[in-house]
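A.B. asks: Below you'll find the structure I mean.
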Amino acid sequence: MEGAEEVRLSELKFPAMRRALIETMTSLSDRDYQQRVWIDEKYPQPGFFDDLTTTVNVFHDLIADDEDVDRYVGAFLVSGEEATAVERVYRALDPMIDDLADSPDDRYLSDPRWTDVVTAATRAKALLNTAR
């Protein structure tokens, strides 16, 4: 990811995809949210829905189940550093999906590897939110 170009936020081709990625990283990084919304189903407003499956589907739609996240620099990422951070989320999450498949959300959240997902998503979210 080190050789990736860097672009300004105003130059991104798909800023809405970036916003969706930030929302996804926010969901994956917030254990309180995960418990409240995904497990307890206490939604912030009527008509709202979210769960792990929805979040993972959005994430995979954005990065096309592709470990070559670097190719999204200029599209909805601004740097190789962001691409590396997002790739770390992918690498933490996908082995769990392979192993746990359609298990309930609470099974994912109780798995010891979930901490790696939350940590990676927290880092990615921080980078995505500080770009200029």
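In my numbering, the protein residues as written are 1125 to 1256.
Don't be surprised by glycine CBs; every beta carbon is placed ideally from N, CA and C.
Everything numeric in this text was worked out from a predicted model, so none of it was measured.
Roughly how far, in whole angstroms, is the beta-carbon of L1251 from the beta-carbon of F1200, given that I think they are within contact range, below 8 Å?
C.D. replies: 13 Å between Cβ atoms; not a contact.
A.B. asks: Taking Cβ to Cβ, would you say R1195 is nearer than 8 Å to A1244?
C.D. replies: Contact: no.
A.B. asks: Thinking E1130 and V1210 are a contact (beta carbons under 8 Å), I'd like their distance in whole angstroms, please.
C.D. replies: Going by Cβ atoms, the distance from E1130 to V1210 rounds to 15 Å, so no, they are not a contact pair.
A.B. asks: Could you check where the alpha helix (DSSP H) with I1163 kicks off and where it finishes?
C.D. replies: Where I1163 is concerned, there is no enclosing alpha helix (DSSP H), given that its DSSP letter is neither H nor E.
A.B. asks: Does the beta-carbon of E1206 have 16 or more other beta-carbons within 10 angstroms, so that it is buried, or is it exposed?
C.D. replies: Classification of E1206: buried, given that the 10 Å Cβ count is 16 or more.
A.B. asks: Taking 8 Å as the threshold (C-beta atoms), are R1256 and R1142 in contact?
C.D. replies: No, the Cβ-Cβ distance between R1142 and R1256 is not below 8 Å.
A.B. asks: Go ahead and pull the three-state DSSP assignment for M1125.
C.D. replies: Residue placement at M1125 cannot be trusted, given a pLDDT of 44 that sits under 50; what the coordinates show is reported in the next sentence. It is coil, neither helix nor strand.
A.B. asks: Could you give the uninterrupted runs of the alpha helix (DSSP H) lying entirely in the region 1195-1229, keeping only those of 4 residues or more?
C.D. replies: List check, alpha helix (DSSP H) in window: 1204-1224.
A.B. asks: Look at D1229 and D1156 and say whether their C-beta atoms are less than 8 Å apart.
C.D. replies: It is not a contact, given that the beta carbons lie outside the stated cut-off.
A.B. asks: Let me make sure I understand the geometry here. Which of G1198, K1249, H1184 and G1204 has the alpha-carbon closest to that of I1221?
C.D. replies: Among G1198, K1249, H1184 and G1204, the Cα nearest to that of I1221 is on H1184.
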